[in-house]
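Participant:
Numbering (the numbering used here), first residue to last: 843 to 1124.
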């Protein structure tokens, strides 16, 4: 799909998992250099991730210069990092979150209900979970509070309800949830290539909506933005951006909406895409 930018790119939105970092959770030196070069050229940098703020900030801290924006929880929360200004927050009504949790538990799924964390403190990043079965890294969550039976009332207003598992199971679950839930919800397929997830947010939440909020803050259009991602939850963002870039190992559906295909995360695809952009802009 070739949209082509109509004006100079002024902001760069980067997914984290499978894009900025691989399985080792480390930003490579080549990517560090490329991001820094983009910052030196005057581009605004926003990390746009499905991670919570608590889990995104350690990656952001690896950059040689901090990013200007953090868009976390798949676009539900957007933060201007230098000033710690909360730009955007869209949470789930507790009653709606419990409705979703009951559906997932009845389907035999492990369920996580996430509280938004606005500062990087463990105490402020609470998760309730229903331990239906162990799933990969989520088998023994060290800071999570289990509930033996579904609560009648949540002790906080959550940002999302989620379940994680194998790819085929999660793809089927996404389809089922989209068919069964009302327009009060946004159902997003996310995760990594090893562990897929289904996350349910308030209506209208996705990475695009978070990036749009930042673009409005900056006074720029989507055509002045470039976005790089690798998974299903990046599709709306890549479609929206003036230049949408998919990683080489992204699913076919993601590559289909991209303007460019770059190398994999192991081959420093973000660095390749940024260098291509800066060469064009030179």
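Every residue gets a Cβ at the ideal spot worked out from N, C-alpha and C, and that includes glycine. Model, not experiment: these values are computed from the prediction.
#1: Helix, strand or coil: how does DSSP classify residue 866 here?
#2: Between residue 1117 and the rest of its own chain, which residues show a CB-CB distance below 7 Å, the 5 nearest in sequence each way excluded?
#3: Is it right to say residue 1000 is buried, meaning 16 or more other beta carbons lie within 10 angstroms of its own, or is it exposed?
#4: With DSSP as the reference, label residue 1091 as helix, strand or coil.
#5: Buried or exposed for residue 838, going by 16 or more other Cβ atoms inside 10 Å?
#6: Can you tell me whether residue 928 sits near the ligand ZN, meaning its C-beta is under 8 Å from at least one heavy atom of the ligand?
#7: So, are the CB atoms of residue 958 and residue 895 less than 9 Å apart?
#8: Terminal residues of the continuous alpha helix (DSSP H) containing residue 1051?
#9: Counting beta carbon pairs with one atom in the stretch 936-955 and one in the stretch 1070-1081, are three or more of them shorter than 8 Å?
#10: Give me the Cβ distance between residue 1044 and residue 1028, rounded to the nearest whole Å; I'm assuming they're in contact under 8 Å.
#11: So, is residue 1010 buried or exposed, given that buried needs 16 or more other C-beta atoms within 10 angstroms?
#12: Leaving out five residues on either side along the sequence, give the residues of the same chain with a beta carbon under 6 Å from the beta carbon of residue 864.
#13: Tell me where the beta strand (DSSP E) around residue 1031 begins and ends.
Facilitator: So, to answer that:
#1: Assigned with DSSP and collapsed to three states, residue 866 falls in coil, not helix or strand.
#2: Around residue 1117, the same chain offers 876 as residues with beta carbons nearer than 7 Å, after the five sequence neighbours per side are excluded.
#3: Burial call: buried.
#4: Collapsing the DSSP output to three states places residue 1091 in coil.
#5: Given that the chain is displayed from residue 843 to residue 1124, the structure contains no residue 838 and the question cannot be resolved.
#6: As for the ligand ZN, it is missing from this structure, which has no ligand bound.
#7: Their beta carbons are under 9 Å apart, which means residue 958 touches residue 895 by this criterion.
#8: For residue 1051, the enclosing alpha helix (DSSP H) begins and ends at 1049-1060.
#9: Flag = no, the stretch 1070-1081 and the stretch 936-955 do not touch.
#10: Beta-carbon to beta-carbon, residue 1044 and residue 1028 are separated by about 7 Å, close enough to satisfy the 8 Å threshold.
#11: Exposed: under 16 other Cβ atoms inside 10 Å.
#12: These residues qualify, in order along the chain: 1107, 1108.
#13: Element bounds for residue 1031: 1027-1033.
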